[in-house]
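Protein chains in written order, with this note's numbering: chain P, 1 to 310; chain R, 311 to 590.
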């Protein structure tokens with residue numbers, strides 16, 4: 001089993017932040033969970049625990065960034081994207097300062113803590129903020145690149161992480177680019193566009209469909225904003241049917257972003273969206289939750305078959 | 311610490327009197343902008359920008375400058391007037407306030423206006439940012455002081471108190487908060503909208519060294535700011551008693567003049583009160 005996304009994040013943050021005096025890390029009393037604790041232990045002078053006061057943490061991060069710091073703010077995705085939103089807007093979006101939002105426990109990954117702690121709308125919220133870049137981490141290797149890229153990229157960034165380990169899709173030598181999706185499997189009958197935990201499920205769906213003689217292209221669209229418009233349109237033209245898959249509401253996230261691209265281009269391609277159907281989930285074991293709320297390979301296959309029959 | 315020289319005090323008082331006239335004239339002409347809180351903050355901002363804080367209009371990003379954060383961003387017209395007088399941009403720019411294409415946005419914008427340290431307007435978060443600035447400056451061993459000028463309506467915001475907790479935890483003695491205690495917020499008097507009761511005791515309980523002064527007396531402000539700066543090991547706050555709409559008879563203490571447009575008869579009365587010429 002590969003290491004958890006949060007552990008990989010903590011290690012990468014320490015690796016890239018330790019010798020860079022611009023990097024400051026804040027947490028709101030959940031560093032043990034977010035694993036910003038790894039940085040705190042390795043670089044205590046530039047780690048600050050701001051207590052259970054997320055709004056103030058993000059505001060303070062704005063002030064630090066205005067003094068030239070690159071500030072990583074850590075809490076659960078659900079709290080960063082709600083309690084942290086006003087300062088995210090004022091100091092990140094409007095002021096363009098170097099705020100890096102690390103949304104821990106993204107999607108339903110904090111499964112047993114229940115819907116109060118799941119984040120099913122964070123991508124929609126953060127994507128709507130002008131000038132924000134929004135990413136969803138796919139695996140530990142990509143997390144490493146995302147942390148480095150957040151440091152190297154000027155301006156506000158939101159990165160959704162996961163509590164759990166995710167299937168290793170990449171190697172440490174994989175090259176990523178902001179705004180460029182990764183084609184993980186080629187196919188001609190449909191395209192599955194996925195992010196985060198759904199990438200592994202999309203690859204599985206690709207195999208299941210292949211067993212039925214259906215050839216699916218599988219794309220990791222980890223870069224929600226900027227979105228990979230050329231790849232989406234090229235895939236639409238090539239395969240006709242598009243299936244988006246995300247651990248998020250079907251409103252405003254990856255599926256929403258893809259729909260915007262297709263509609264604005266006047267694409268005749270069909271789009272089916274796998275995600276939470278304007279609902280919250282419930283408490284339960286993570287794999288069971290994903291299955292019950294139709295966030296798995298079976299759900300992707302069902303949407304694919306439905307789309308092909310129409 | 312040396313008290314402010316009498317000649318300079320006289321000059322600053324005369325300048326404040328003139329800025330009040332110019333501000334009312336401008337807001338009357340534009341029919342937009344917040345007069346009440348601008349008039350109450352006139353001396354506080356003057357004491358900082360013209361006497362106590364180190365800023366350099368020729369080098370607005372000078373690393374060791376003091377950071378003045380107007381967290382009550384709606385007093386932007388007075389801040390802009392003072393920045394212009396201080397030489398950060400031409401005074402003629404004031405005519406473009408709140409107009410399309412101007413660098414003078416409705417609330418302070420650090421990206422567009424030289425001398426503005428932080429974009430403010432949403433109340434409560436400017437104080438958090440001031441805390442973050444004080445922390446970052448300390449990390450860099452930068453001797454600058456952060457001044458956060460708040461409103462007394464603003465302290466309704468919970469983030470103000472979150473910020474106070476963190477300022478106290480990190481012993482930010484390079485942070486001086488100043489509350490423009492004009493007693494009036496948008497909808498009415500502070501004690502009727504959201505009574506904060508014993509404000510000095512609240513700040514004291516949150517770990518601040520608390521000072522009080524007359525927020526329209528520049529000598530008193532300078533003396534108190536000097537004392538607050540000298541505090542070691544904890545943040546300090548100055549509760550500066552002011553009058554909302556100070557200097558204009560019908561605006562004083564009136565919430566109706568928080569952000570209302572100034573009509574012709576009111577403008578004429580205001581000029582009479584302030585000793586300005588009514589003809590523009």
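We put the beta carbon where it would ideally sit given N, CA and C, even for glycine.
- DSSP places residue 131/P in the coil class of the three-state scheme, outside both helix and strand.
- Taken in chain order, the members of the stretch 428 to 446 of chain R whose beta-carbon sits within less than 9 Å of a beta-carbon on chain P are 428, 429, 430, 431, 432, 434, 435, 436, 437, 438, 439, 440, 441, 442, 443, 444, 445, 446.
- Residue 319/R places its beta carbon 8 Å or farther from that of residue 535/R.
- Under the Cβ criterion (8 Å, minimum of three pairs), the stretch 166 to 179 of chain P does not count as touching the stretch 205 to 215 of chain P.
- For residue 95/P, the residues of chain R that pass the 9 Å Cβ criterion are 419, 420, 421, 428, 429, in the order they occur in the chain.
- Contacts between residue 67/P and chain R, judged by CB atoms closer than 7 Å, involve 443, 446, 447 in chain order.
- Taking 4 residues as the shortest admissible run, the stretch 341 to 370 of chain R contains the following complete alpha helix (DSSP H) segments, listed from N- to C-terminal end: 346 to 350, 352 to 357.
- Rounded to whole angstroms, the gap between the alpha carbons of residue 410/R and residue 416/R is 10 Å.
- Contact between residue 198/P and residue 259/P is absent: CB atoms are separated by about 16 Å, not below the 8 Å threshold.
- Counting only Cβ-Cβ distances below 8 Å, residue 381/R has no contacts in chain P at all, with the closest Cβ about 10 Å away.
- Residue 131/P is classed as exposed because its beta carbon has fewer than 16 other beta carbons within 10 Å across all chains shown.
- For the 8 Å CB-CB criterion, residue 281/P and residue 108/P form a contact.
- One thing to note: residue 457/R has its Cβ within 8 Å of the Cβ of residue 363/R.
- Rounded to whole angstroms, the gap between the alpha carbons of residue 330/R and residue 343/R is 14 Å.
- The C-beta of residue 36/P comes no closer than 8 Å to any C-beta of chain R.
- When 485/R, 451/R, 347/R, 443/R are compared, the shortest CA-CA separation from residue 431/R is found for 347/R.
- When rounded, the separation of the alpha-carbon atoms in residue 340/R and residue 367/R is 27 Å.
- Here the stretch 107 to 121 of chain P makes contact with the stretch 283 to 293 of chain P; the two share three or more CB pairs at distances below 8 Å.
- Taking 7 Å as the upper bound on Cβ-Cβ separation, chain P lies near residues 472, 473, 475, 476 of the stretch 471 to 490 of chain R.
- Burial is judged here by how many other beta carbons sit within 10 angstroms of a residue's own beta carbon; residue 102/P has at least 16 and is buried.
- The DSSP assignment places no complete run of the alpha helix (DSSP H) inside the stretch 442 to 467 of chain R (cut-off: 4 residues).
- 586/R is the residue among 586/R, 399/R, 532/R, 548/R whose C-alpha sits nearest the C-alpha of residue 558/R.
- The Cβ atoms of residue 491/R and residue 549/R sit closer than 8 Å to each other.
- Contact between residue 196/P and residue 136/P holds, since their C-beta atoms are separated by about 4 Å, short of 8 Å.
- Ranked by Cα distance from residue 502/R, the options 401/R, 406/R, 462/R, 397/R are led by 462/R.
- In this structure, the alpha-carbon of residue 263/P lies about 15 Å from that of residue 231/P.
- Using a Cβ distance threshold of 8 Å, residue 376/R and residue 473/R do not count as a contacting pair.
- Between the alpha carbons of residue 42/P and residue 12/P lies a distance of about 12 Å.
- The beta carbon of residue 101/P sits no closer than 8 Å to any beta carbon of chain R.
- Look at residue 184/P here: in three-state DSSP terms it is strand.
- When C-beta distances to chain R are compared with 8 Å, the residues of the stretch 40 to 55 of chain P below that value are 45, 46, 48, 50, 51, 53, 55, in chain order.
- About 5 Å separates the beta carbon of residue 418/R from that of residue 383/R, a gap short enough to meet the 8 Å contact definition.
- Taking 8 Å as the threshold, the shortest C-beta distance from residue 62/P to chain R falls below it.
- In terms of CA proximity to residue 129/P, 157/P leads the group 145/P, 118/P, 157/P.
- At a cut-off of 8 Å between C-beta atoms, residue 13/P does not count as an interface residue with respect to chain R.
- Listed in chain order, the non-local C-beta contacts of residue 69/P below 6 Å within the same chain comprise 22, 24, local neighbours out to five positions each way being set aside.
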